[in-house]
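Trainee: Counting along the sequence shown from 1, when you hit position 21 you're at 1119 in my numbering, and nothing is skipped either side. Yeah, the Cβ is synthetic: ideal placement off N, Cα and C, and Gly gets one too. Below you will find the structure I want to go over with you.
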Amino acid sequence: MTAIATPSTVTQALGAAVALGIDRLDAQLLLLHALGRAPHDRAWLLAHDTDVLPEAAWPALSAQLSRRLAGEPVAYLLGEKEFHGLSLQVDARVLVPRPDTETLVEWALQCLEGHAAPHALDLGTGSGAIALALQHARPDAQVDAVDASADALAVAEANARRLGLPVRFAHAHWLDGAADGYTVIASNPPYIAANDPHLPALRHEPSSALVAGADGLDDIRQIVRTAPDHLAPGGWLLLEHGHDQAVTVRQLLAERGFTEVQSREDLAGIQRCSGGIWRTVK
């Protein structure tokens, strides 16, 4: 990182971070972190822009800026990420929860409407984001979550304890050993192709949670194939996928026998999730 003069005020520190090429929002979040303030306290920066920068703040901020310039996600630097109104602790053992995934959560909550004490399953839970969001919104639900990574489960379980949410976690590969009778099975599985040109930008996040074979669909195929054995009659399977995979995922669902197959758009208008209902054939 290019050496610059030590800033003397809060606003100078922010300006120095931006001058290095850091996105302004990222710079604000990292500055707040260095000052020991909460990430949602950006208004404080405006009200205190001429405050003297504490002596220890710039060395701490400078170290974080170097890591950010090297591509490390801001959420790892802060140690937390907000998702669906919950503050989740995250680190390099799990993917950073994305706002796009809230589309999946909202759809799952719609599918749970009208069901008393429903059962829901989050496959590949990572930080626990989906499962914890569902449990928080539906305290009456029994929410289960699985992950093949023991490291990821440790993060998710710690988030559940801190938030006081009774999600039940299990160490498993997708639906191996899973119960049956779920009202909703939701998953944000790996869906990036092994040779995707965007992977280098994601190098700080666990590749096992990103890559799924030559076309990115290996894990989705497995989930679609095995999910019916674990769904209640009329239960929904909901899958997050890549920006250009909706047509293929809908085809996989339809070919497996799911009905009412459809996709949902994220905030950017991209078909981000696809799902369908499993109806037991009499």
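Under a three-way DSSP split, which group does P1331 fall into?
Mentor: In the sequence shown, counting from the first residue as 1, residue 1331 sits at position 233. DSSP places P1331 in strand when its eight states are reduced to three.
Trainee: For V1359, name the three-state secondary structure that DSSP assigns.
Mentor: On the sequence shown, position 261 is the one that residue 1359 refers to. In this structure, V1359 counts as strand in the three-state DSSP scheme.
Trainee: Helix, strand or coil for D1220 per DSSP?
Mentor: Position 122 of the sequence shown, counted from the first residue, corresponds to residue 1220. In this structure, D1220 counts as strand in the three-state DSSP scheme.
Trainee: Mapping the DSSP letters down to three states, classify T1148 as helix, strand or coil.
Mentor: Your numbering for residue 1148 matches position 50 in the sequence shown. It is coil, neither helix nor strand.
Trainee: Would you give the residue range spanned by the beta strand (DSSP E) that A1243 belongs to?
Mentor: Position 145 of the sequence shown holds residue 1243. Start and end: Q1240 to D1245.
Trainee: Entirely within the segment 1161-1212 and at least 4 residues each: give me those alpha helix (DSSP H) ranges in chain order.
Mentor: 1172-1176 and 1200-1210
Trainee: Nearest chain B C-beta to L1251 closer than 8 Å, yes or no?
Mentor: Absent here is chain B; the protein component of the structure consists of one chain.
Trainee: Given this structure, state the Cα-to-Cα distance separating H1138 from A1254, to the nearest angstrom.
Mentor: On the sequence shown, position 40 is the one that residue 1138 refers to. On the sequence shown, position 156 is the one that residue 1254 refers to. The straight-line gap from Cα to Cα measures roughly 22 Å.
Trainee: Quick one: using the 10 Å Cβ neighbour count with 16 as the cut-off for buried, is S1164 buried or exposed?
Mentor: Residue 1164 sits at position 66 when you count from the first residue of the sequence shown. Exposed is the call here.
Trainee: Can you list, in chain order, the residues of its chain whose CB lies under 6 Å from that of P1298, leaving out five sequence neighbours each side?
Mentor: Within the sequence shown, numbered from 1, the residue matching residue 1298 stands at position 200. Cβ neighbours of P1298 beyond the five flanking positions: none.
Trainee: Indicate the three-state DSSP secondary structure (helix, strand or coil) for R1319 in the structure shown.
Mentor: For this step, residue 1319 is matched to residue 221 along the sequence shown. Helix, per DSSP.
Trainee: Less than 6 Å between C-beta atoms, sequence neighbours within five positions excluded: which residues of the same chain meet that for D1317?
Mentor: For the purposes of this step, residue 1317 is taken as residue 219 along the sequence shown, with counting starting at 1. Cβ neighbours of D1317 beyond the five flanking positions: P1287, P1288 and A1310.
Trainee: Can you tell me the Cα-Cα spacing of Q1443 and T1357, whole angstroms?
Mentor: This structure does not reach residue 1443, given that the chain is present from 1099 up to 1380, and the question cannot be answered.
Trainee: Which whole-angstrom value is the C-beta distance of P1105 and W1142, which I expect to be below 8 Å?
Mentor: Mapped onto the sequence shown, residue 1105 falls at position 7. Mapped onto the sequence shown, residue 1142 falls at position 44. Rounded, the Cβ-Cβ distance is 17 Å, inconsistent with contact.
Trainee: Give me the Cα-Cα distance between T1281 and T1201, rounded to the nearest whole angstrom.
Mentor: Locating residue 1281 in the sequence shown gives position 183, counting from the first residue. Locating residue 1201 in the sequence shown gives position 103, counting from the first residue. Taking the straight line joining both Cα atoms gives about 18 Å.
Trainee: To the nearest whole angstrom, what separates the beta carbons of Y1222 and S1285, a pair I think is in contact under 8 Å?
Mentor: Within the sequence shown, residue 1222 is the residue found at index 124, counting from 1. Within the sequence shown, residue 1285 is the residue found at index 187, counting from 1. First, the amino acid is wrong: residue 1222 is Gly here, not Tyr. Contact holds; Cβ gap of about 6 Å.
Trainee: Closer than 8 Å is the cut-off here; do at least three beta carbon pairs connect the segment 1170-1189 with the segment 1244-1258?
Mentor: yes
Trainee: When the Cα atoms are used, what is the spatial distance from R1266 to A1352?
Mentor: For the purposes of this step, residue 1266 is taken as residue 168 along the sequence shown, with counting starting at 1. For the purposes of this step, residue 1352 is taken as residue 254 along the sequence shown, with counting starting at 1. Rounded to whole angstroms, R1266 to A1352 spans 30 Å at the Cα level.
Trainee: Is it right to say P1197 is buried, meaning 16 or more other beta carbons lie within 10 angstroms of its own, or is it exposed?
Mentor: Here the question's residue 1197 lines up with position 99 in the sequence shown. P1197 comes out exposed.
Trainee: For K1380, which residues from the same chain have a beta carbon less than 7 Å from its beta carbon, with the 5 sequence-adjacent residues on both sides left out?
Mentor: On the sequence shown, residue 1380 is found 282 positions in, with the first residue counted as 1. Note that K1380 has pLDDT 45, beneath the 50 cutoff, so the model's placement of it is unreliable and the number below is only indicative. Result list for K1380: empty, nothing under 7 Å.
Trainee: With a CB to CB cut of under 7 Å and the five nearest residues on each side skipped, what residues in its chain are close to G1169?
Mentor: If you number the sequence shown from 1, residue 1169 lands on position 71. Closer than 7 Å at Cβ, skipping near neighbours: A1299, R1301 and H1302.
Trainee: Can you round the beta-carbon distance between Q1343 and L1315 to whole angstroms, since I take them to be within the 8 Å contact cut?
Mentor: In the sequence shown, residue 1343 corresponds to position 245, counting from 1. In the sequence shown, residue 1315 corresponds to position 217, counting from 1. Confirmed, about 7 Å.
Trainee: Return the Cβ separation of A1270 and A1291 in integer angstroms, given the expectation that the two are a contact with Cβ distance under 8 Å.
Mentor: Position 172 of the sequence shown holds residue 1270. Position 193 of the sequence shown holds residue 1291. Their Cβ separation, rounded to whole angstroms, is 25 Å, which puts A1270 and A1291 out of contact at 8 Å.
Trainee: What residue does the alpha helix (DSSP H) around V1282 start on, and which one ends it?
Mentor: Residue mapping note: residue 1282 aligns to position 184 of the sequence shown, counting from 1. It is not in any alpha helix (DSSP H) - V1282 instead sits in the beta strand (DSSP E) that spans Y1280 to S1285.
Trainee: Please report the distance separating the alpha-carbon of A1372 from that of D1238.
Mentor: Along the sequence shown, one-based indexing puts residue 1372 at 274. Along the sequence shown, one-based indexing puts residue 1238 at 140. This sequence places Ser at residue 1372; Ala is not what is there. One C-alpha to the other measures close to 26 Å.
Trainee: Does the distance from the C-beta atom of A1111 to that of L1123 stay below 8 Å?
Mentor: Residue 1111 sits at position 13 when you count from the first residue of the sequence shown. Residue 1123 sits at position 25 when you count from the first residue of the sequence shown. It is not a contact, given that the beta carbons lie outside the stated cut-off.
Trainee: For K1380, does the three-state DSSP call read helix, strand or coil?
Mentor: Along the sequence shown, one-based indexing puts residue 1380 at 282. A caution first: K1380 carries a pLDDT of 45, below 50, which makes its placement in the model unreliable, though a value can still be read off. Three-state DSSP puts K1380 in coil, outside helix and strand.
Trainee: Helix, strand or coil, according to DSSP, for H1131 in the structure here?
Mentor: Looking up residue 1131 in the sequence shown gives position 33. Looking at H1131 - three-state DSSP - the assignment turns out to be helix.
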